[in-house]
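Okay, structure first, notes after.
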Ligand SMILES: Cc1ncc(C[n+]2csc(CCOP(=O)(O)OP(=O)(O)O)c2C)c(N)n1
Ligand SMILES: Cc1ncc(C[n+]2csc(CCOP(=O)(O)OP(=O)(O)O)c2C)c(N)n1
Ligand SMILES: [Mg+2]
Ligand SMILES: [Mg+2]
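Protein chains in written order, with the working numbering: chain A, 1 to 388; chain B, 389 to 776; chain C, 777 to 1102; chain D, 1103 to 1428.
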């Protein structure tokens, strides 16, 4: 018969179950399928004939680079959280815990690839060369993003959950039309997987064989809702039903994320279409600075994930393998301090926009109503100056 | 590794391919996976240890009943098409060719089950005991449906593609809350599978383990677009990625459709959650009477499917097995004629609604603006009568 | 007597609690409404007391939330759906406009759609994009929906009760920046009509009409105007569909001047309809054209500019002066 | 000289053809736009001539269509998207309102959104539910969008050219029941401004303002009124965002009376904004309140009642009489 169910499918490393019922499907979820891992939480390298080759070129120098990326990203993130507490930002969405997923995938990209982030991809932005302080404008409330997406091929942060996956797909369709071999990467969360738009993006990308990598950071939570509120089977399995491969990777393993993303990007470049990567990771902090995770999750969960920290394992490996010495870590520490200082200074110096700026850029070609309202409002403001 | 792709999965009867690339995925589509079939186009019964038991109770009498359902449905449908040509209906969406899918699934239902149709489920309506002439109101333009969904547990036709799958899911969630063992069936088309709503229905039904059967009539076309414009893998495979089983059935085989739908409904009743049934069939006619299929598909395709006619094969089997004699066919012919006559009469007698009716039923509890506009319009109409 | 002082947020919470308590068919659904109690804590504690079956954390998909709520309503439930923020209602817009609003008419009255869609709306909380919008006109234009917004705790409590009891779909806009404003709520009162406007302050020279978060601004403006010797009446519309034009008309026939205030963009905002219709009804009474104070034809601006975008005391008083100058 | 008589449908087809021909970045996308040429044949023959890569049959998902069009625009393309019928634009509403409309502002002008969304709209064709609606107000209220509708073949041709050339998103409403109306098109003309209204008929006693399918009705009403000795001016608005209020104002300052006509429901329809704003601008000129003729606050009715729902000659003349009676 042609019954298809998750349970019936046995990915090589996953613990499949036998019968295609709701219950067994739920069991399949409980029994976590294994994932691609190249570096254990303890800092040991894992043999993987399939994916290790994708990072065979990574020298100790490169690894220090990845480590540096993660450390600086975390520092920037911590600084932003602190700035929010000090009232300099209205809100901050921390990436704490997701550094490996973001740096690993971000460093897999070529300059000509294009990134469609959510609102949490500070580490990917870092890889793209976007000045981190650029990201802070919208959280401070001085703009809605406002950087030039084309200067680093890094699109604006998108807040409406899932929308950007369709933009990514369209952009990728455009790449294919241009005959280019660039690729697109679209980030989204476990919660976002439920949105119609994300599933439409799967359909469009498959039908047009668009060169796009869907990179889902499954950080286990969508604000207060655990992943089981979004799906009863592992998310990477969603892809198969749309006709393209899905894969789960250890999202706290920067090497595995790098390898798997490279693999997926190569598929895209070779004209093999979309891939879904599920980076299995954890949101160590609150959803945003407005959130209070103590209301919905246990401390033990966080503690268990702390042992899988994405940065610590690289440090352990670098130390054990002799890939870095104390001097490296010391100088990184100073670099980190300097970054923090610069971020603080730049943010504090960010001027509030002029009130009249709200009339700018509503349209590219102008609009009579905007002109009228701008003029009226200017006259209204002027009336105060005249002491009216 | 945990790469998942359609190609990597081997449903027992499907012709899987080996590598998870766009190309091989496309190939998987071309090489049609086999489907559940209990009665061949030639009218021979097929041994199927898994699904035959679900129709073991079907006597010759029952089979004549299914045959009668299909014949009368087709007759009704032809009558409606003719009425449209005569200007009695504004539009008609013919089910020609899909009788087995609709009667097979429709007859699998219990009275307390609930149906959410598209706009083409005339055969299912028939099974539910909805008077066929009720269906014609909206196509004539005298109402937008207007029957009482609760009198036959048959919801109104839904025109916005895919919307009803969410209503079905919600209704099924309600059944589960009530602790009832009824089930819901949601019809939709191959084209509809691309809509975000349908995929959200998959997510919600899986997460809440709702007793709903998603019955996709893949009639190969969404107006002028072939199924390849919607998916590059067989549609039934979509389900697995949402954590429930999908199955493909010969949509022109009324017994197989009955068996598979019974199986899926039983799963729902047992609390095993949703199932996706893909009934592989063909739209023999135009999309609607407004459509001109010669613009986009070849005659040969239709001809090939004519050989798989859902009614002819049952007749062949009935004749060969001695399940029906000429008298049966003759009396069905007269019944058919009578139905046609009644439909014509009822439709021609359908009065146009009163203009003022457009203000009715906008709200259940009334609305001041509607009252005001109703009064104004009544006064306006009255002004003509006064010879104003 | 059961008069209690409580915030709008608390009043909404109590109102939901009462509805869940009284009618087993009432459900609360939405993103994070369960354990978290909603990002604004409006559903705080409800899941604990009524269970996961009645207070339902949903997948992150607004169309799915409203679409399944419609199905639940067809099954006899009365879902109260929460949309997390104004700017996130749009994925559900299709289900709201083509299904929820039209189902009762489509069925010629044979099914009812008792669904409430709660939407915290409006600006003034210093939020990022999509968290400060006022899309009410986009719903009020659509037949089949009822659209309301309370301005104070008592109305919050009672209007939500009535919305839940209504057999029609109600889009319930909650003035999020007023959530913590307190007021007296008489939980035993016999409430007035859901769609009836309320004269919040009497006056003789000019009428200010507003709803939701702007009622407070208008009351402040009226107080300020009073100090300058201008007598301003304030009408709290409470309902944007239907609008209680009779109350506005009665006020304008007295004051002969009307200014409508809302946060939503002026262009095709609810004020445009009020201006048009009141001008028709009171053509010979009006001493000045109906003026409107509202948002601009621009995306809601970043937080650090929002005070300039939002109609505040000064802009309302400016309009009052302009009207009186006619 | 290249003046040709053609239907609106043909003019749109020719206009798309020209755009595809002139600019390799122009794409046509939508359901059934390829081999079928669209359900109204507006894209007839285009896929044959420009290939599947430029004239793209899409999956059946409106949000996906608009969402991918946004991505294509970011890549430098100029997609012209077809929504099959008015009632099916709502699944795309979120992408249109939260993304397409706001992207340029979000990026502080650093990206452009040259996307045209073509929507055949309005009633009068005897169709089933969702195929006869006029949702233009739901787009005109949204900053960042431009909203236009041609009433004749020449405008259809030229306005579509200009919409495609615009760097802003344009919602292009096509009056489907006028598709087969013919008119002269000068394909070499130098067109006027996209958003400028046009005085379609001069008159002295009253102004009728309309757009799209109602312009024809208004011209007929003006002709009928003329026979009764009433001189009616007709303004074809052509654009609902922005509205060319200057042209309407100039007309009303002359005629002192205004009736706005559209198929869309009156309540919060485009007419409400025109009434409100023209009353502000022409307060001392108006002899009568601005009257509005339009759809009712009800779902678009079944085909056999639509003639009663749609503003026709009689209802327009009735409003003319009522206005003149002031
Ligand atoms: C359409 C929409 N609905 C609701 C929200 C409010 N919201 C912001 S983030 C979030 C959870 C997102 O979860 P997930 O996709 O897992 O991403 P994460 O925040 O965990 O990175 C929600 C519900 C939104 N931004 N957009
Ligand atoms: C949201 C929406 N978009 C577009 C349409 C127009 N339309 C009506 S039927 C149809 C094709 C449907 O194809 P499918 O789902 O395969 O069902 P079938 O008609 O083949 O039974 C389209 C595009 C619609 N009704 N709703
Ligand atoms: Mg998450
Ligand atoms: Mg089909």
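Ideal Cβ placement from N, Cα and C applies to all residues, glycine included.
Quick check: is the beta carbon of residue 671 of chain B nearer than 8 Å to any beta carbon in chain E? Although the question refers to chain E, the structure presented lacks it and instead comprises the protein chains A, B, C and D.
Just the C-alpha distance for residue 448 of chain B and residue 601 of chain B, rounded to the nearest angstrom, thanks. When rounded, the distance between both Cα atoms is 27 Å.
Go through its chain and collect everything with a Cβ distance to residue 399 of chain B's Cβ below 6 Å, but skip five positions before and after it. Any reading at residue 399 of chain B must be qualified, since the residue scores a pLDDT of 35, below 50, and its modelled position is unreliable; no value is offered.
At 8 Å on the CB atoms, spell out the chain C contacts of residue 556 of chain B, in chain order. Result: 847.
What does residue 1344 of chain D touch in chain A if you count any residue whose Cβ is under 7 Å from its own? In chain order, 367, 368 and 369 make up the part of chain A whose C-beta sits under 7 Å from the C-beta of residue 1344 of chain D.
Verify the CB distance criterion: does residue 194 of chain A have a CB-CB separation below 8 Å to chain D? Taking Cβ atoms only, chain D never reaches closer than 8 Å to residue 194 of chain A, which makes this a no.
Near-chain A residues of the region 793-819 of chain C - C-beta to any C-beta below 8 Å: Of all residues in the region 793-819 of chain C, 807, 808, 810, 811, 812, 813 and 815 have a Cβ within less than 8 Å of some Cβ in chain A.
Can residue 1162 of chain D be considered in contact with ligand 2, in the sense that its beta carbon sits closer than 7 Å to one or more heavy atoms? Yes.
Compare the C-beta of residue 917 of chain C against all C-beta atoms of chain B and say whether one is closer than 8 Å. False, the Cβ-Cβ gap to chain B never drops below 8 Å.
Tell me whether residue 222 of chain A counts as near ligand 3, meaning its Cβ is closer than 7 Å to at least one heavy atom of that ligand. A heavy atom of ligand 3 is found nearer than 7 Å to the CB of residue 222 of chain A.
C-alpha gap between residue 458 of chain B and residue 1174 of chain D, whole angstroms: Cα to Cα, the separation comes out at about 47 Å.
Below 8 Å on the Cβ atoms is my guess for residue 1339 of chain D versus residue 1239 of chain D; work out the distance and round it to an integer in Å. With 8 Å as the limit, residue 1339 of chain D and residue 1239 of chain D do not qualify as a contact, their Cβ atoms being about 13 Å apart.
Please determine whether the Cβ atom of residue 724 of chain C lies at a distance below 7 Å from any heavy atom of ligand 4. Given that chain C is displayed from residue 777 to residue 1102, the structure contains no residue 724 of chain C and the question cannot be resolved.
The beta strand (DSSP E) spanning residue 1354 of chain D covers which residue range? Taken as a continuous stretch (DSSP letters only), residue 1354 of chain D belongs to no beta strand (DSSP E), being part of the alpha helix (DSSP H) at 1347-1357.
Determine the contact status of residue 439 of chain B and residue 693 of chain B, defining contact as a CB-CB distance below 8 Å. Not in contact: residue 439 of chain B and residue 693 of chain B (Cβ atoms no closer than 8 Å).
Could you check if residue 767 of chain B is buried or exposed, using at least 16 other CB atoms within 10 Å of its CB as the buried criterion? Answer is exposed; the Cβ neighbour count stays below 16.
If you measure from the beta carbon of residue 1365 of chain D to each beta carbon in chain C, is any gap under 8 Å? Not closer than 8 Å to any Cβ of chain C, the Cβ of residue 1365 of chain D fails to qualify, so no.
Three or more C-beta pairs closer than 8 Å, one from the region 526-536 of chain B and one from the region 471-481 of chain B: is that the case here? Under the three-pair Cβ rule at 8 Å, the region 526-536 of chain B counts as touching the region 471-481 of chain B.
Consider the Cβ of residue 608 of chain B: report whether some Cβ of chain A lies at a distance smaller than 8 Å. For residue 608 of chain B, no Cβ of chain A is located within less than 8 Å of the residue's own Cβ.
Which chain C residues sit within Cβ distance under 7 Å of residue 148 of chain A? Under the 7 Å cutoff, chain C gives no residues; its nearest Cβ is about 17 Å from residue 148 of chain A.
Grouping DSSP H, G and I as helix and E and B as strand, with all else coil, what is residue 761 of chain B? Assignment of residue 761 of chain B by DSSP, reduced to helix, strand and coil, places it in the helix class.
Would you verify that the beta carbon of residue 1112 of chain D is, or is not, closer than 8 Å to some beta carbon of chain A? False, the Cβ-Cβ gap to chain A never drops below 8 Å.
Meets three-Cβ-pair contact criterion under 8 Å: the region 1059-1074 of chain C and the region 324-336 of chain A: The count of Cβ pairs closer than 8 Å, one atom from the region 1059-1074 of chain C and one from the region 324-336 of chain A, stays below three, leaving the stretches out of contact.
From which residue to which residue does the alpha helix (DSSP H) around residue 164 of chain A run? According to the DSSP assignment, residue 164 of chain A belongs to the alpha helix (DSSP H) that extends over 163-178.
With 16 other Cβ atoms within 10 Å as the buried cut-off, status of residue 559 of chain B: Around the beta carbon of residue 559 of chain B, 16 or more other beta carbons lie within 10 angstroms, which makes this residue buried.
Could you pull the start and end residues of the alpha helix (DSSP H) that residue 461 of chain B belongs to? 448-473 is the span of the alpha helix (DSSP H), which, as asked, contains residue 461 of chain B.
Do residue 675 of chain B and ligand 2 come close, with the Cβ less than 7 Å from some heavy atom? For ligand 2, at least one heavy atom lies less than 7 Å from the Cβ of residue 675 of chain B.
Please return the same chain residues whose Cβ sits closer than 7 Å to the Cβ of residue 996 of chain C, not counting the five positions on each side in sequence. Cβ neighbours of residue 996 of chain C beyond the five flanking positions: 1089.
What number of angstroms, rounded off, separates the C-alpha of residue 1123 of chain C from the C-alpha of residue 1078 of chain C? Residue 1123 of chain C falls outside the range modelled here, since chain C spans only 777 to 1102, and no answer is possible.
Find the residues of chain B that neighbour residue 1165 of chain D, judging by a C-beta separation of less than 7 Å, and give them in chain order. At a beta-carbon threshold of 7 Å, the residues of chain B lying near residue 1165 of chain D are 584, ordered along the chain.
Counting contacts by CB-CB distance shorter than 8 Å, is residue 37 of chain A in contact with chain B? Not an interface residue.
Identify the residues that DSSP records as bridge partners of residue 1223 of chain D: which are they? Looking at the DSSP output, residue 1223 of chain D shares a beta bridge with D:1277.
Note down, in chain order, all residues in the region 248-275 of chain A with a beta-carbon under 9 Å from any beta-carbon belonging to chain C. Answer in chain order: no residues at all.
Within 7 Å: the Cβ of residue 219 of chain A and any heavy atom of ligand 3? Distances from the CB of residue 219 of chain A to the heavy atoms of ligand 3 include at least one below 7 Å.
Name the two residues that bound the continuous alpha helix (DSSP H) containing residue 515 of chain B. Counting along the chain, the alpha helix (DSSP H) containing residue 515 of chain B begins and ends at 510-516.
Does DSSP put residue 1101 of chain C in a helix, in a strand, or in coil? Residue state, collapsed to three classes: coil.
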